[in-house]
Structure formats: structure tokens, C-alpha cells
Amino acid sequence: GAGVSQSPSNKVTEKGKDVELRCDPISGHTALYWYRQSLGQGLEFLIYFQGNSAPDKSGLPSDRFSAERTGGSVSTLTIQRTQQEDSAVYLCASSLRGGLTEAFFGQGTRLTVV
Amino acid sequence: DAKTTQPNSMESNEEEPVHLPCNHSTISGTDYIHWYRQLPSQGPEYVIHGLISNVNNRMASLAIAEDRKSSTLILHRATLRDAAVYYCILRDSGNEKLTFGTGTRLTIIP
Chain S
5 GAGVSQSPSN KVTEKGKDVE LRCDPISGHT ALYWYRQSLG QGLEFLIYFQ
55 GNSAPDKSGL PSDRFSAERT GGSVSTLTIQ RTQQEDSAVY LCASSLRGGL
105 TEAFFGQGTR LTVV
Chain B
867 DAKTTQPNSM ESNEEEPVHL PCNHSTISGT DYIHWYRQLP SQGPEYVIHG
917 LISNVNNRMA SLAIAEDRKS STLILHRATL RDAAVYYCIL RDSGNEKLTF
967 GTGTRLTIIP
């Protein structure tokens, strides 16, 4: 079956521009996560959505970062006024119910800010 | 959040068993032990999880110490495809997010 889909797979943007990254979770999964991974580093939690609950935004690094999840399905991560330090792979994951259920990750979006 | 400690790197010969250790001395009674791995240029994938008893699945086995302060992920017969970074993560139902540490980079020697 279809896994977690992220688009675009690669994005190059100029410093100061806004970017939107999209995540299509597995159908029926109520939980959705965003992480980022800088080159050679571990995964950094950004935000978590679970059903209709208020999202856990505790990992967003600054107010330039925001995310929404429409209709409990597709999610968009927006980075405003991009900086070079935002360059990383942005990974999305979904799970059936959150909590202890297995998380399935997408292939990620590689963002390069020049 | 309870923390985990893993060796930075390990090597193993192909077709031999691999034992990947994880220490979690501050684990709470409601923490499950999860393992994920990340193959090169891919997102992480789930491997296995357990609470108290040892667990087996098609990918690996998880051996949990009696005091639950440590655990070991066992790959019974390593292949080149098992070369990845392996993450040991503690998770309870009240902590929804997966917190990844630095993991163990496993190299398989042909």
C-alpha cells in the first residue's frame, strides 16, 4: 500500500524566501509528526498532530516555522524568510493512533537555502 | 524524559549475529523500549518494541534486562542491508513524540 509521501523531494531556495513542504500521511493515520535532520546529525522533533487535539509545537525552532494539518490528513510545513541554517532534510511520519503505535516515515524533503 | 545511551558505532561481520546495546537506567514503569533504524538516505523505519518480556519479530529480537535498565537489539544474521544507524527510544503513552538520540552506526563487513 501507499506509504507516507512528501513533496517536493528536493527544494533549493534563496535566503529570505518562504517555502512550503507537503506531507501526505498514510490513509487513516490520525497522528502526524515533522522532524528535521541536518547533515550528519540526528533527528530533531518539530511538531506533532493527533486527531483534533491541539498540536504539540514544542520543537519548532522559531516563529518562522509553522505547520498545519487540513482535514486531519495532508500537512504543510511552512518556513518563512528562510535562512542558511534551515538547510536540512525535513521528514514527516504518520502513525495509526500516535502513542505507542509504529511510526512510518516518508523519504523526506531535502531543503537547501542558498 | 528518560534518556538512553548507546555506543556511537559498532562493526560486525556479514552473516554473524549482532548485539546492539542500550542503557536506560532512568526508565519508568510505563516506558516502552522502541528501536528504529535509518538506512542511508532514507527515513527511519520501525524495528521492534517491548515493555518487559523479550520480543521477537521477523526483523530482530529484543532482549530486555530483568531490571529494565538496559536492553539489547539482536540481529540474528547480519546482512549488508542491515548497515544503518540504530536508535533506541523510550516511549510512554503520555509522551507522544519519538525523541531520537544519536544512535549506533552499524557497519557490516563483507
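These protein sequence lines are chains S and B, in that order.
Converting from the first sequence to our numbering requires adding 4 to each position, the first position being numbered 1.
Converting from the second sequence to our numbering requires adding 866 to each position, the first position being numbered 1.
Ideal placement from N, C-alpha and C gives every residue a C-beta, glycine not left out.
Does R934(B) come out as helix, strand or coil in the three-state DSSP assignment? coil
With a threshold of 8 Å, are at least 3 pairs of Cβ atoms found where one atom belongs to the segment 962-972 of chain B and the other to the segment 939-954 of chain B? yes
Check whether chain B comes within 8 Å of A1(S), counting only Cβ atoms and requiring the distance to be less than that. No answer is possible for residue 1(S): the residues shown for chain S start at 5 and end at 118.
Taking 8 Å as the threshold (C-beta atoms), are T973(B) and S875(B) in contact? yes
Does F49(S) get closer than 8 Å to chain B when you measure Cβ to Cβ? yes
Going straight from the alpha carbon of E882(B) to that of N922(B), what length do you get? 18 Å
Among I893(B), G969(B), A949(B) and T968(B), which one has its Cα closest to the Cα of N879(B)? A949(B)
Could you tell me which of V78(S), T74(S) and R101(S) sits nearest to R26(S), measuring between CA atoms? V78(S)
What does P906(B) touch in chain S if you count any residue whose Cβ is under 8 Å from its own? Per Cβ cutoff of 8 Å: no residues; P906(B) is ~12 Å from chain S at best.
Nearest by alpha-carbon distance to R947(B): which of S937(B), N920(B) and P976(B) is it? P976(B)
Of all Cβ atoms in chain S, is any one closer than 8 Å to the Cβ of T968(B)? yes
Own chain residues within Cβ distance below 8 Å of G32(S), not counting five before or after: L100
Is the number of C-beta pairs between the segment 78-90 of chain S and the segment 9-24 of chain S that are closer than 8 Å three or more? yes
Which chain B residues sit within Cβ distance under 9 Å of G32(S)? Ordered by position in chain B, no residue passes the 9 Å Cβ test against G32(S), which lies about 17 Å from the chain.
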